[in-house]
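Asker: The structure follows.
Residue numbers (this note's numbering): 1275 to 1359.
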């Protein structure tokens, strides 16, 4: 991955899912129960399959866990955060 510590940019072999898996694995080290996963991206890589299924598998989470996929930028992120339970 490229960028700065505060701004990540996908490398040639990365996409939104691989970056989400990396970020999710880091978050999971804090412990605690995972009740829901939120994925926000301007460009989700899988058009004919489930981005959520790939993300959950990469994180080693229950495939039945709720995943909220949002397509968009900052407004979608704010909407996802404001609707969190």
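Here a beta-carbon is modelled for each residue, glycine too, at the ideal position from N, C-alpha and C. A quick note: this is a predicted structure, and the numbers were derived from the prediction, not measured.
1. At the level of alpha carbons, what is the spacing between residue 1315 and residue 1308?
2. Check the DSSP bridge columns for residue 1295 and list the partner residues they point to.
3. Please confirm whether residue 1299 and residue 1342 have their CB atoms less than 8 Å apart.
4. Throw me the rounded Cβ distance for the residue 1290 and residue 1330 pair, which I believe falls under 8 Å.
5. Specify the secondary structure class of residue 1323 as computed by DSSP and reduced to three states.
6. Quick check on residue 1313: buried or exposed, where buried means 16 or more other Cβ atoms within 10 Å of its Cβ?
7. Note down, in chain order, each residue of its chain lying with its Cβ closer than 7 Å to the Cβ of residue 1327, except the 5 sequence neighbours on either side.
8. Between which residues of its own chain and residue 1347 is the CB-CB distance below 7 Å, once the five residues before and five after are set aside?
Answerer: The short version:
1. Working through the chain shown from its first residue, we reach residue 1315 at position 41. Working through the chain shown from its first residue, we reach residue 1308 at position 34. Rounded to whole angstroms, residue 1315 to residue 1308 spans 20 Å at the Cα level.
2. As a first step, residue 1295 is located in the chain shown; it is residue number 21 there, counting from the start. DSSP lists no partner for residue 1295.
3. Position 25 of the chain shown holds residue 1299. Position 68 of the chain shown holds residue 1342. Contact: no.
4. Looking up residue 1290 in the chain shown gives position 16. Looking up residue 1330 in the chain shown gives position 56. At roughly 14 Å, the Cβ-Cβ gap does not stay under 8 Å, so residue 1290 and residue 1330 are not in contact.
5. Locating residue 1323 in the chain shown gives position 49, counting from the first residue. DSSP places residue 1323 in coil when its eight states are reduced to three.
6. Residue numbering aside, residue 1313 sits at position 39 when the chain shown is read from its first letter. The residue is buried, with at least 16 neighbouring Cβ atoms inside 10 Å.
7. Within the chain shown, numbered from 1, the residue matching residue 1327 stands at position 53. If you ignore the 5 residues before and after residue 1327, its C-beta comes within less than 7 Å of the C-beta of 1337, all in its own chain and listed in chain order.
8. Within the chain shown, numbered from 1, the residue matching residue 1347 stands at position 73. The residues are 1316.
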